[in-house]
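Peer 1: Numbering (full-length UniProt numbering), first residue to last: 1 to 99.
Below is the structure:
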């Protein structure tokens, strides 16, 4: 139970560092020289995604007690996979790199 809270706080810390402080070096596969898009939009979008993941992770123990293990874990895994795929598109797909 404490693992979820610690993991959520770490995600919120990274959301703050990337979204507010604009430290894009923390993103995997990010390079200043090859990224042609708007760095402000990228940092804001990635910060929002990490914030959502952090909040879901912090509230995970409460949701497990209320709704049950199987339902919440399957929904949680689906949401995290969808957000990670969306975040990877922000860096890789050229459409998101247009200023």
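Note that beta-carbon positions come from the ideal geometry of N, C-alpha and C, so glycine has one too.
Measuring only the C-alpha atoms, how far is residue 31 from residue 92?
Peer 2: In a straight line, the C-alpha of residue 31 is about 11 Å away from that of residue 92.
Peer 1: What are the boundary residues of the alpha helix (DSSP H) that includes residue 31?
Peer 2: Premise fails: residue 31 is in no alpha helix (DSSP H) and is neither H nor E.
Peer 1: Between residue 4 and the rest of its own chain, which residues show a CB-CB distance below 8 Å, the 5 nearest in sequence each way excluded?
Peer 2: Excluding sequence neighbours, residue 4 sits near 57, 58, 60 and 61.
Peer 1: Report yes or no: do three or more beta-carbon pairs, one from the segment 14-30 and one from the segment 40-53, lie closer than 8 Å?
Peer 2: Taking 8 Å as the limit for Cβ pairs, the verdict is that the segment 40-53 does touch the segment 14-30.
Peer 1: Leaving out five residues before and five after residue 15 in sequence, what residues of the same chain have Cβ atoms less than 7 Å from its Cβ?
Peer 2: These residues qualify, in order along the chain: 47, 50, 51 and 54.
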